[in-house]
Each structure stands twice: as C-alpha cells, then as structure tokens.
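Residue numbers (my numbering), protein chains in the order written: chain A, 1084 to 1406; chain B, 246 to 586. We treat Cβ as the ideally placed atom computed from N, Cα and C, and that holds for glycine. Since this is a predicted model, take the numbers as computed values, not measurements. In what follows, a single structure is set out as structure tokens and then discussed.
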Ligand SMILES: Nc1ncnc2c1ncn2[C@@H]1O[C@H](COP(=O)(O)OP(=O)(O)O)[C@@H](O)[C@H]1O
Ligand SMILES: [Mg+2]
C-alpha cells in the first residue's frame, strides 16, 4: 500500500510549549507517512500528543506552541516551513480536519447553512446563487435527513451525531486530499459512533481521499485503518499495518494496549487499564524512552538513545527490548 | 427551528417588570416622606406664622396620615399626575417630559462615544495581545476608571474651557443667545439636523461634547475590558479553531465569527454601563449646568421638594425597565439560543 512518494511524510517532528511551569516537550522525533488513499490511525492514550500533532500539521497551534525541528512534506510542500499564505490555500481545501466535541466545534450562533457557505465561498468558485444549493448537497452527502430544514438550523437544535455530520460536511466541502479526524466519535453514543465511522470511511473511500484517524481506542482504529501509528507521551513507539500490529505487536506498550482492548465490544474506557501514567513532559530530564518507567521489559540498556528497529519494510518499533 | 416572535418576549418582559415598578412606587413614596426637613415650613417662608405653615401643610395634603397620602398619590399617578414642584410651581410631569430629552441625549451620546472608542480598542487589544495598543488601552481605561466622574468633568472644564478656550462655557445645552431648534425629538442634535441648521448643530455639539466625554471616560474601562476578555475567549474557542482549520480568511475568523460571539457579553456590559451612566448623570448635569432630570432632582432634593424627586425616581425606574427590555431584545437578535427559549 505504501508507495514511492507518500501524500504526507512527517520526519523527526519536535514540538514544544512554553508554559509557566517550564518547557513542555509535547512531541519528539515523530515520523510517519500517509500514502494516497490510505487511512492511517494514530493511537495513544489521552495526553500522548495526538491532537497537537494534527494542529502542528495545519499550523493552528495556539501561540505557546512552537515546532522546534522536523519536516512535514505534503504534496511536495513542507507544511512546517510554508508561508502563511500557502497554508491558507492548504487548510480546508487540501487538508481538512474534524474535531472531537462537534457541538463546541461549530459556531453556536451561526446557522449550519451559513457556516457551510463560508467554507464553500472560501474554497470553491461556485457562483453566489449556486452556493446554497451546494451547501444543501453537502448536507445530503453526509446523509442528514431533511437537509433543507437543517440548513436553517443552529447547532443547538441538532443532536451530537448530527453536529458531527455537519462537521464532516464542512470538512469535505472542498474535496480535500487528506482528512484528519481527531477523536470524531468521542462523546457520541455507541450506535451513533458506528454510524459516523461508517460515514467517514465511506466518504474517504468514495472520494479517493486519504485520512488520519486519531483515537485513543485501538479497537476503533483497527476497524477502519490500513496502518496504525502508536504514540506514547509524544513519541511514536510503533508503526505497522493493522493486521501485523495485532498479530505481532513489538512494543511492550502496544502489547499492553491490545491486551487491554476487549475484542468483542468497542468500549471507549479500555486504555484506563494500563498501569502507571504518562511521564510529566515538563521534567527537565525526561528518560530517553518515555515508556521506561511503566515498562516490564526495562533493562539498563533502555537508558541509551532509542534505536528504530525495522522488522520488515512496514513494521518499525522504537525500543531496545522489543517483543 | 420555529422562533418565537420578539413581541412575545417584549410583552412577557413588560409584564414581569410590573411588580418591581409597583415596589418603586411604594419605596419612593416612603423615602421622600422620610427625608429630613418640613416642606410646609420651607414653602411658607422663614417669616411665616405657625398658622400660615399649617395652612400650607393643609394645601399640600401633608396634614393627612401616611395611608391617606399614599392613596391620594396613587390616584394622581393613575391620572398621569406627578404633582407640582413647589419650587417652580410647574407640574412635575411636564417638567420631566421637557427635561428628559436633555438627559437622554447626553447619556446616549456619551454611551455612543464610549462604545465607539472602547469596543474597537478592546478588539485590537485582544487581536494584538501584549502589543503597544494592548498596553495603551489598559493605561487609558485604568486612568478613566480611577477618576471620580465629577472630577473628570471639572478637569475637562479646567483644561478645555478655562485654559485652552476650546470649549464653550459649561452652561447648559446652548449658549444663552442661541435659540433651541423646533422640538421634534427633543434631542438638539437631531432636531437641528431636521431643521437643516448646521450652525445650530455645531453649537449644540460643542456644548454636548465635554459632558458626554466626561460620561464616556467613566464607562470606557469596563467596556474595553469586557470586549477584550470576550474576544480572547471567542478567539481561543473550539469554533474559532474550526474556522482556522477550514482555512477561512482572518477577516472572517475575527469579525464574522469571533466578534459576533463576543458581542453577547459586550451587550450585557453596555446595559450595565448605561445604568451607571443614568446614575452619574446627576453629577455631570450639575457640573455642566445641564438642564436634565438629574439636575432637576438634585435641586428639588435640596429644597425638600417631594414631588419632583418622586417623579425622578419613577422615571429612572421606567428607564431601567426599558433598558433591560432593549438588552433582552438585542440579545435574542444576536443569540438564537435566547430567542428559542
Ligand atoms: N496549549 C498548551 N500549552 C501547554 N501544553 C499543552 C498545550 N496543549 C497541549 N499541551 C500538552 O501537550 C500534550 C499533548 O496533548 P494532546 O495533543 O491534547 O494529547 P491527546 O490529543 O493525545 O490527548 C499534553 O501533555 C498537554 O499537556
Ligand atoms: Mg486530543
């Protein structure tokens, strides 16, 4: 599935936040790629840096955050070095994003239809009188029943699931090449979760898009993703095709995640059962392997700089003592 | 999705205000009776005999007990009769109606000035956080809020009238030689515009400017601060992040999205500062000899003249009710969630 030149290729990305409590090293040495037509999952418990990674790619970090190293090449353009004007042409049009908590992610006092039209006007050259028709088509694409009526609705008049559909409609309005979905189903009830995931998968496949699915739920990722990138405390610990990851997890953290994931049902609280907690990313001297304090395989060798063990072309793990 | 018409909101609001208005009627009645001084003695004059004082007392109805006085007051009120001012001999309702436009023109113009300066200042301070404009805005607003309003007034008179001679003498709405425009709204600015009298317009603007600035300085601080805080909240919200992620232009992000959302708390603050200003009016009108209802009330109060004070307090209460009504209507226009309730 991986091809010579991936759509997005992230290399050695490092990201820091300046805070009162000191420097937060939120991401370090993050590398992965997304091929054309691929759905890549980024999985890790809450706080592992998944969201800030996606914000860094779109350069919508809040002002305390700074990318201190690395490249993220998308279609030949390094997103991290691009000018702001170049980024404006990328956001929403080439790379779009949907967020957790869709109700808050939509403007509470602007009609659904207007919010869609704002995006359409920015990114398409559809004539004015056509915009409304286009907006309603977008709503129909995400299978919102009674789209014309919803066009005139405000977010507070819709259910959470419908708000997330509207977010998806906004995201795919300009037919981007890459869709980033950050915990798109968290906070929705289980049935709605499944419906929304089906919708995202369908739209991505049908429109030949690529996607990054960010989630803390490994089971959820395994249902939709071709490959999975496992993150822990700002590090990528393992990358593998979904099947290989489940068959032969190499990183102790991945193995724990899989062990903690019930296979018959997709319960969202699964990751709570991993012992220990993420290290404090503000610490002056973080261990080189940020998992070492929680790891049963820990040996003194783990205090050396992390190697990147490649098991076969597609399966790599950052660990001294892989399984 | 069906939205209730605004009229329903207005009607319910007015109905809801009735009990508080009734309360105001009772309280003003009792308060004015509790004021020190004997109006009968005051109006009979220093040289009056005790019999003459009693005669005046009877005329004023002050010989009756409180309950009877109150009933009489109520029935007069029901006929729109607010009694007569003992100092001027005029019906209070007529004088209030004549003077109210002066107060409203001053207050509204002051509010407009404050909003026109403070809201953009707050927006700039938020979008350019920690830049020089943020610091300047903080400095100006802090200075404004720490000066008492009559002091600001006197200071402005001292500088712009006494020292620089830029402002006309602080004596009312027009200099004594000009004559007021034909009354349509009672607002000199609007009436002189309607009369197409530019000279009169400039003359009345000149008189209005200093007292209005005094009022504006008084309320700029809370307005600018609230605008800044509300803008910062809106700009760091999830929906603003969405608009940025969707690649909308900075103009759309800041003005079409964040600013409109930030207006909600700003409108609340506008209502709040407007009611501060109604209060501050009393002092500002005194300092600038402005012939409004505040100055009228003060003069009456000093003379133990009940009726104008009662009428003034009642007028203020009605103004507060109307003000809250306007705020509510504005709110339901800006925020669909309010209208849906
Ligand atoms: N604005 C910020 N200032 C300081 N630290 C931040 C900020 N935003 C995120 N972080 C830190 O970055 C890390 C990753 O956060 P996040 O990307 O939200 O995790 P995830 O999405 O995986 O749950 C956390 O440790 C968090 O404390
Ligand atoms: Mg997150």
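Beta bridge pairing from DSSP links residue 1180 of chain A with A:1263. In this structure, DSSP gives residue 539 of chain B a helical state, which the three-state scheme calls helix. Residues of chain A whose Cβ lies closer than 8 Å to the Cβ of residue 484 of chain B are, in chain order, 1187, 1188, 1189, 1190, 1191.
Those residues of the region 1222-1252 of chain A placed with their C-beta closer than 7 Å to a C-beta in chain B are 1232, 1235, 1236, 1237, 1239, 1240, ordered along the chain.
When 8 Å is used as the limit between beta carbons, residue 372 of chain B is near no residue of chain A, the shortest such separation being about 12 Å. For residue 350 of chain B, the three-state secondary structure derived from DSSP is helix. Under the DSSP assignment, residue 1102 of chain A falls in the beta strand (DSSP E) whose first and last residues are 1091-1102. At least one heavy atom of ligand 2 is found less than 6 Å from the C-beta of residue 1134 of chain A. DSSP places residue 1379 of chain A outside both helix and strand once states are collapsed to three, so it counts as coil.
Nearest CB-CB separation between residue 1162 of chain A and chain B: not below the 7 Å threshold.
With the rule of 3 Cβ pairs closer than 8 Å, the region 1226-1239 of chain A counts as touching the region 575-586 of chain B.
Per DSSP, residue 300 of chain B is not a residue of any beta strand (DSSP E); the alpha helix (DSSP H) it occupies stretches across 295-305. Separation of residue 517 of chain B and residue 504 of chain B (C-alpha to C-alpha, rounded to the nearest whole angstrom) is 20 Å. Judged by pairs of C-beta atoms under 8 Å, the region 474-485 of chain B does not touch the region 431-442 of chain B, as fewer than three such pairs exist. In the DSSP annotation of this structure, residue 1299 of chain A is not part of any beta strand (DSSP E), being labelled neither H nor E.
Contact residues of the region 496-509 of chain B toward chain A are 497, 502, 505, 506 (C-beta to C-beta distance below 7 Å). Under the Cβ criterion of 7 Å, residue 1363 of chain A is not counted among the residues facing chain B.
Residue 396 of chain B carries a helical assignment under DSSP once its states are collapsed to helix, strand and coil. When only Cα atoms are considered, residue 1387 of chain A and residue 1406 of chain A end up about 18 Å apart. Segment contact: the region 485-504 of chain B against the region 1135-1148 of chain A, three or more CB-CB distances shorter than 8 Å; contact assigned.
Chain-order list of chain B residues neighbouring residue 1182 of chain A: 483, 486, 487, 490, by C-beta distance under 9 Å.
For residue 336 of chain B, the secondary structure class from DSSP, reduced to helix, strand or coil, is strand.
Bridge partners of residue 1116 of chain A according to DSSP: A:1092. Here the alpha carbons of residue 556 of chain B and residue 329 of chain B stand approximately 10 Å from one another. For residue 1312 of chain A, not one C-beta of chain B is nearer than 7 Å to its own C-beta.
Distance from the C-beta of residue 1298 of chain A to the nearest heavy atom of ligand 1 is not below 6 Å. Within the same chain, and ignoring the five residues on either side of residue 1156 of chain A in sequence, the residues whose Cβ sits closer than 6 Å to its Cβ are 1092.
Listed along the chain, the chain A residues whose CB falls inside 7 Å of the CB of residue 579 of chain B are 1192. Annotation: Cβ neighbours of residue 494 of chain B in chain A (cutoff 8 Å, chain order): 1171, 1205. Between ligand 1 and the CB of residue 449 of chain B, the shortest heavy atom gap is not smaller than 6 Å. Linking residue 1222 of chain A to residue 1287 of chain A through their CA atoms gives a straight-line distance of about 16 Å.
The Cβ-Cβ distance between residue 1320 of chain A and residue 1125 of chain A does not fall below 7 Å. No Cβ of chain B is located within less than 7 Å of the beta carbon of residue 1265 of chain A. Residue-level contact by beta carbon holds for residue 1143 of chain A and chain B, with a gap shorter than 7 Å. At least one CB of chain B lies nearer than 7 Å to the CB of residue 1176 of chain A. At a cut-off of 7 Å, the C-beta of residue 1202 of chain A has a neighbouring C-beta in chain B.
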